[in-house]
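Numbering (my numbering), first residue to last: 41 to 161.
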């Protein structure tokens, strides 16, 4: 292809610059998404995370692939703390919302375990 004048070259350069900008935006977005996932996992793995910490993390994880994992961690902490009805509620809700997720079975088991105790125990 032969470029006939500077106007043709200008159009080609604009297209190339546009493609470069899009590529840069995608690379930055992907790096941010990866960093966010790593931040979530780091927060989730904190042994000193409180119920309030996990509640906040759950709110921030809504709509992500991490949401069921956060819900499981929160429900487990509530179960360990003796808040069985809340643990069961969170486990059941998250399990129903994400039935094919890798931790769906764990959520179901936790909900069933919390349901074996009488209310208020």
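We treat Cβ as the ideally placed atom computed from N, Cα and C, and that holds for glycine.
Exercise. Anyone know if the C-beta pair for residue 113 and residue 84 falls short of 8 angstroms?
Worked result: Along the chain shown, one-based indexing puts residue 113 at 73. Along the chain shown, one-based indexing puts residue 84 at 44. Yes; because the gap between Cβ atoms is below 8 angstroms, this pair is in contact.
For this session: Pull up the distance between the alpha-carbon of residue 133 and that of residue 108, whole angstroms please.
Result: Translated into the one-based positions of the chain shown, residue 133 becomes position 93. Translated into the one-based positions of the chain shown, residue 108 becomes position 68. Approximately 10 angstroms between the Cα atoms of the pair.
Exercise. Hey, residue 99 and residue 150: beta-carbon distance below 8 angstroms or not?
Worked result: Counted from its first residue, the chain shown places residue 99 at position 59. Counted from its first residue, the chain shown places residue 150 at position 110. No; because the gap between Cβ atoms is not below 8 angstroms, this pair is not in contact.
Problem set entry | Neighbourhood of residue 131 by C-beta distance below 8 angstroms, restricted to the same chain and skipping five residues each side | Residue 131 sits at position 91 when you count from the first residue of the chain shown. Cβ contact annotation for residue 131 (same chain, cutoff 8 angstroms, sequence separation greater than five): 111, 112, 115, 147, 148, 150, 151 and 154, in chain order.
Exercise. So, is residue 102 buried or exposed, given that buried needs 16 or more other C-beta atoms within 10 angstroms?
Worked result: For the purposes of this step, residue 102 is taken as residue 62 along the chain shown, with counting starting at 1. The residue is exposed, with fewer than 16 neighbouring Cβ atoms inside 10 Å.
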